[in-house]
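Report on one structure; see the data block that follows.
2 protein chains.
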Amino acid sequence: MTKKLDATVFHNGFLNSFDFVLTDCDGVLWNRNEAIPGAKETINALQDMGKTVIFVTNNSSKSRYEYHRKCEVLGFKSSVDRIFPTSYCVAVYLKSIDFKKKVYVLGSSGIAGELHSAGIPFLPVGPDPMPETEYWYNWVAKELKLDSEVGAVVVGFDQHVSYPKLVKTVSYLKDPNCVYIATNIDEQFQTDLKHLVIPGTGAFIRAVEAVSGRTPIVLGKPAKFLYDCIKYQYPDLDPSKGIIIGDRLSTDILLGRSTGLRTLLVLTGVSDLNEVERCSNSNCENKQMMVPDYYLPSLADLGRLMGVIQ
Amino acid sequence: MTKKLDATVFHNGFLNSFDFVLTDCDGVLWNRNEAIPGAKETINALQDMGKTVIFVTNNSSKSRYEYHRKCEVLGFKSSVDRIFPTSYCVAVYLKSIDFKKKVYVLGSSGIAGELHSAGIPFLPVGPDPMPETEYWYNWVAKELKLDSEVGAVVVGFDQHVSYPKLVKTVSYLKDPNCVYIATNIDEQFQTDLKHLVIPGTGAFIRAVEAVSGRTPIVLGKPAKFLYDCIKYQYPDLDPSKGIIIGDRLSTDILLGRSTGLRTLLVLTGVSDLNEVERCSNSNCENKQMMVPDYYLPSLADLGRLMGVIQ
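If you read the sequences in order, they're chains F and Y.
Residue numbering for the first sequence follows the UniProt record's numbering, starting at 1 and increasing by one per position.
Residue numbering for the second sequence follows the UniProt record's numbering, starting at 1 and increasing by one per position.
So, in structure tokens, the structure goes:
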């Protein structure tokens, strides 16, 4: 059962129970471009007391450097080598399989930036729209060229998704040797816009699957690749001395539970206590694996227990 | 078991066994803008001998009037009221539920044309691209407006599919009272372009489902609504006196079998005899329902049996 991380739990050796922290970003540290109140004081205090804080996010829209800059702007202490967005994991994965060809990216500049840093060639990202012609099929047949050097397709979030991009994605995937990578399979972004639903990468993955029949290698949470990336760079991390802080049961908490980390849910993002209760009461093993050890309304509450926030 | 429609079958009263013909279009009558050789002679001869020939297509990209014009250009005798594209079925469906609000269309001018003809208000179709801004979310939050009078979403084929269109589609569908219609769920278009795979409406449907959790009312084959539209306009049609000619087992033949029509597969489009054999040998009842009564290499072969083609 989930416990509130209250003063009793806290004073019963909570802080000494871990050496390192994986913290999700969206919904935990910030929402969009605004820091969540108290998050930076808490994260910075954990680092000041010697905890290794590692930033993990399924969001592929920025590179490590861009996230580092965002941390600086919003006041979170960080270093580039402690930031693990899925954009970076794409480059790590391709290096790990000694990939030598070109990458086609249905995604944005975050992925492009990481591929560039890793010296992996890729086709340009950005808008690739359908022209306004009466005969779309003729245009596709005549103008839409594939690059024979492409050997991998990466699907991440792409606000410029278009029909030509979809055609290219599924056409490259016709070749069963073409590597197919998804940064994550989150169907929606969290939003406080009451009237709008904001589709995520998972929507593109499902469209591509319907056409190509292909299932991607998923790098982001709850898949373990992201955690493997971290362990590769920090081989001494012992899961029994770690905790993950997240806002989403199906990604953060599930990854934590399945890798043996302790798990802390904060309620400043996607999941709420009703969802925790549904998972607790479910007979499904996968749902049971989404139940966190602890929860708190916000990271600020941890800061208050630590005495760094009034 | 499927039989080849050979001279023995033909002379055993084949032509007298039906009064009306439903014929699929793409892959049976034409491919893109070229008539399949012999198709027009055969179709026209069937009409000359008094058969009612009805054109049925899942393709929503043209209105009835536009298909009529295409028939004229390619030499097929037709009349507007015997042409049933899913674009037209959208309008019929909305009339059948006495729909009074506005329609949001993720689709093209074929649907718009039919809604216009039926006097049903709809939001404009065509490109609705994402601008090139660093802050896509802020743009979406600020600029993307919903129309509160929308009460139905139609998803058909849209070569201008874009992120703003996806956001609008799934956001309208947040309202459980918003009617959700799919013209069809075909994942791919048939193509003879060896290197390209051409995604169909089914890809968009799967993306929308992943985000919204909504399942559409499907109008196109193999769903029966298209057939119901025809029966509504031609109430005297007796399925035991009808045949459907198609190129796709999973749409044309399945619809024919499930409505009690005879079924004739032509091999000028999507399905081949290997697929027929796999369906015949399958234990799955749904696959068994895709096995046609007859097959022919092409409509021209029927014309030859009829003596209208050398």
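Backbone N, C-alpha and C define an ideal beta-carbon position, used for all residues, glycine too.
| task | Using a cut-off of 9 Å between C-beta atoms, extract the partners of residue 170(F) located in chain Y. | result | For the purposes of this step, residue 170(F) is identified with residue 170 of the first sequence, where counting begins at 1. Those are 188, 196, 197, 198, 199 and 203, listed as they occur along chain Y.
| message | Our contact map puts residue 90(F) next to residue 115(F) with C-beta atoms below 8 Å; I'd like the distance itself, whole angstroms only. | response | Within the first sequence, the letter at position 90 stands for residue 90(F). Within the first sequence, the letter at position 115 stands for residue 115(F). With a Cβ gap of about 7 Å, residue 90(F) and residue 115(F) count as contacting.
| Continuous beta strand (DSSP E) assignments of at least 3 residues falling wholly in the region 73-151 of chain F | 83-85 and 102-106
| task | Check the Cβ-Cβ distances between residue 159(F) and every residue of chain Y, and say whether any is below 9 Å. | result | Residue numbering aside, residue 159(F) sits at position 159 when the first sequence is read from its first letter. Taking Cβ atoms only, chain Y reaches closer than 9 Å to residue 159(F), which makes this a yes.
| query | What in chain Y is Cβ-close to residue 248(F), meaning under 8 Å? | reply | As a working note, residue 248(F) is residue 248 in the first sequence. Residues of chain Y passing the Cβ test: none, with the nearest at roughly 16 Å.
| task | Look at the alpha carbon of residue 201(F) and the alpha carbon of residue 96(F), and state the distance between them as a whole number of angstroms. | result | The residue given as residue 201(F) occupies position 201 in the first sequence. The residue given as residue 96(F) occupies position 96 in the first sequence. Straight-line Cα distance between these residues: approximately 23 Å.
| query | residue 2(F) CB to nearest chain Y CB: under 9 Å? | reply | Indexing the first sequence from 1 puts residue 2(F) at position 2. Residue 2(F) does not count as touching chain Y.
| said: So that I know if they touch, is there some Cβ in chain Y lying closer than 9 Å to that of residue 262(F)? | reply: As a position in the first sequence, residue 262(F) is number 262, starting the count at 1. Output row for residue 262(F): interface = no.
| task | Give the single residue among 22(Y), 42(Y) and 14(Y) whose Cα lies nearest to the Cα of residue 299(Y). | result | For the purposes of this step, residue 299(Y) is identified with residue 299 of the second sequence, where counting begins at 1. Cα-wise, what sits closest to residue 299(Y) is 42(Y).
| query | Would you report the Cα separation of residue 80(F) and residue 67(Y), rounded to the nearest angstrom? | reply | Locating residue 80(F) in the first sequence gives position 80, where the first residue counts as 1. Locating residue 67(Y) in the second sequence gives position 67, where the first residue counts as 1. Rounded to the nearest angstrom, the two C-alpha atoms are 59 Å apart.
| Just how far apart, CA to CA, sit residue 248(Y) and residue 226(Y)? | On the second sequence, position 248 is the one that residue 248(Y) refers to. On the second sequence, position 226 is the one that residue 226(Y) refers to. Spanning the two alpha carbons is a distance of roughly 16 Å.
| said: Let me confirm a value: residue 152(F) is counted as buried when at least 16 other C-beta atoms fall within 10 Å, else exposed. Which label applies? | reply: Along the first sequence, read from residue 1 onward, the residue named residue 152(F) stands at position 152. Answer is buried; the Cβ neighbour count reaches 16.
| Is any beta-carbon of chain F found at less than 9 Å from that of residue 30(Y)? | Against the second sequence, residue 30(Y) aligns to sequence position 30. No, no contact with chain F.
| query | Which two residues bound the contiguous alpha helix (DSSP H) that contains residue 45(Y)? | reply | The residue labelled residue 45(Y) in the question sits at position 45 within the second sequence. Note, residue 45(Y): alpha helix (DSSP H), 39-48.
| query | When the Cα atoms are used, what is the spatial distance from residue 33(Y) to residue 228(F)? | reply | Counted from its first residue, the second sequence places residue 33(Y) at position 33. Counted from its first residue, the first sequence places residue 228(F) at position 228. Spanning the two alpha carbons is a distance of roughly 53 Å.
| query | Out of curiosity, what's the CA-to-CA distance linking residue 40(Y) and residue 165(Y)? | reply | Within the second sequence, the letter at position 40 stands for residue 40(Y). Within the second sequence, the letter at position 165 stands for residue 165(Y). Each residue's Cα considered, the two are about 39 Å apart.
| Cα-Cα separation between residue 27(Y) and residue 5(Y), rounded to whole angstroms | In the second sequence, the residue the question calls residue 27(Y) occupies position 27. In the second sequence, the residue the question calls residue 5(Y) occupies position 5. Going from the Cα of residue 27(Y) to the Cα of residue 5(Y) covers about 18 Å.
| field | Test: residue 174(F) CB closer than 9 Å to a CB of chain Y | value | Here residue 174(F) corresponds to residue number 174 of the first sequence, with the count starting at 1. Closer than 9 Å: yes.
| query | Where residue 199(Y) and residue 131(Y) are concerned, what is the direct C-alpha to C-alpha distance, given to the nearest angstrom? | reply | Here the question's residue 199(Y) lines up with position 199 in the second sequence. Here the question's residue 131(Y) lines up with position 131 in the second sequence. Between residue 199(Y) and residue 131(Y), the C-alpha separation is close to 24 Å.
| query | Got a sec: is the Cβ-Cβ distance from residue 163(F) to anything in chain Y below 9 Å? | reply | Within the first sequence, the letter at position 163 stands for residue 163(F). By this cut-off, residue 163(F) is an interface position.
| field | Counterpart residues of residue 191(F) in DSSP-defined beta bridges | value | Taking the first residue of the first sequence as position 1, residue 191(F) is located at position 191. None, per the DSSP bridge assignment.
| Given that residue 212(Y) touches chain F, what residues does it touch there, using C-beta distances under 8 Å? | Looking up residue 212(Y) in the second sequence gives position 212. Those within 8 Å of residue 212(Y) in chain F are 197.
| Rounded to the nearest angstrom, how far is the Cβ of residue 219(F) from that of residue 86(F), given a contact under 8 Å? | The residue labelled residue 219(F) in the question sits at position 219 within the first sequence. The residue labelled residue 86(F) in the question sits at position 86 within the first sequence. Indeed they touch by this definition, with Cβ atoms about 5 Å apart.
| query | Given a threshold of 16 other Cβ atoms within 10 Å of its Cβ, counted over all protein chains shown, does residue 7(F) qualify as buried or as exposed? | reply | Here residue 7(F) corresponds to residue number 7 of the first sequence, with the count starting at 1. Classification of residue 7(F): exposed, given that the 10 Å Cβ count is below 16.
| task | Can you tell me which of 179(F), 252(F) and 121(F) puts its alpha carbon nearest to the alpha carbon of residue 244(F)? | result | For this step, residue 244(F) is matched to residue 244 along the first sequence. Nearest C-alpha to residue 244(F): 252(F).
| message | The beta strand (DSSP E) that contains residue 23(Y), what's its start and end? | response | As a working note, residue 23(Y) is residue 23 in the second sequence. 20-24 is the span of the beta strand (DSSP E), which, as asked, contains residue 23(Y).
| Is the region 70-77 of chain F touching the region 100-114 of chain F, taking contact as three or more C-beta pairs under 8 Å? | no
| task | Please report how far the alpha carbon of residue 213(F) lies from the alpha carbon of residue 57(Y), in whole angstroms. | result | Here residue 213(F) corresponds to residue number 213 of the first sequence, with the count starting at 1. Here residue 57(Y) corresponds to residue number 57 of the second sequence, with the count starting at 1. Going by the C-alpha atoms only, they are around 24 Å apart.
| With 16 other CB atoms within 10 Å as the buried threshold, where does residue 310(Y) fall? | As a working mapping, residue 310(Y) is identified with position 310 in the second sequence. Residue 310(Y) comes out exposed.
| query | What are the partner residues of residue 4(F), as DSSP defines its beta bridges? | reply | Counting from one through the first sequence, the residue named residue 4(F) turns up at place 4. For residue 4(F), which the question treats as bridged, DSSP gives the partners 295(F).
| field | Integer-rounded CB distance, given that residue 117(F) should sit under 8 Å from residue 61(F) | value | Taking the first residue of the first sequence as position 1, residue 61(F) is located at position 61. Taking the first residue of the first sequence as position 1, residue 117(F) is located at position 117. So it is not a contact: roughly 16 Å between Cβ atoms.
| message | Which residue marks the beginning of the beta strand (DSSP E) containing residue 257(Y), and which one marks its end? | response | Position 257 of the second sequence, counted from the start, is the residue given in the question as residue 257(Y). No beta strand (DSSP E) contains residue 257(Y), which is instead part of the alpha helix (DSSP H) from 254-259.
| field | Cβ pair residue 127(Y), residue 171(Y) closer than 9 Å | value | As a working mapping, residue 127(Y) is identified with position 127 in the second sequence. As a working mapping, residue 171(Y) is identified with position 171 in the second sequence. No, the pair does not count as a contact, with Cβ atoms beyond the cut-off.
| query | Between residue 307(F) and residue 10(F), what straight-line distance do the alpha-carbon atoms span, to the nearest angstrom? | reply | In the first sequence, the residue the question calls residue 307(F) occupies position 307. In the first sequence, the residue the question calls residue 10(F) occupies position 10. The alpha-carbon atoms of residue 307(F) and residue 10(F) are separated by roughly 11 Å.
| request: Grab the span of the beta strand (DSSP E) containing residue 262(Y) for me, first residue to last. | output: Mapped onto the second sequence, residue 262(Y) falls at position 262. It spans 262-266 - the beta strand (DSSP E) in which residue 262(Y) sits, taken as one unbroken run.
| task | Give the DSSP-derived three-state secondary structure of residue 181(Y) in the structure shown. | result | Locating residue 181(Y) in the second sequence gives position 181, counting from the first residue. Strand.
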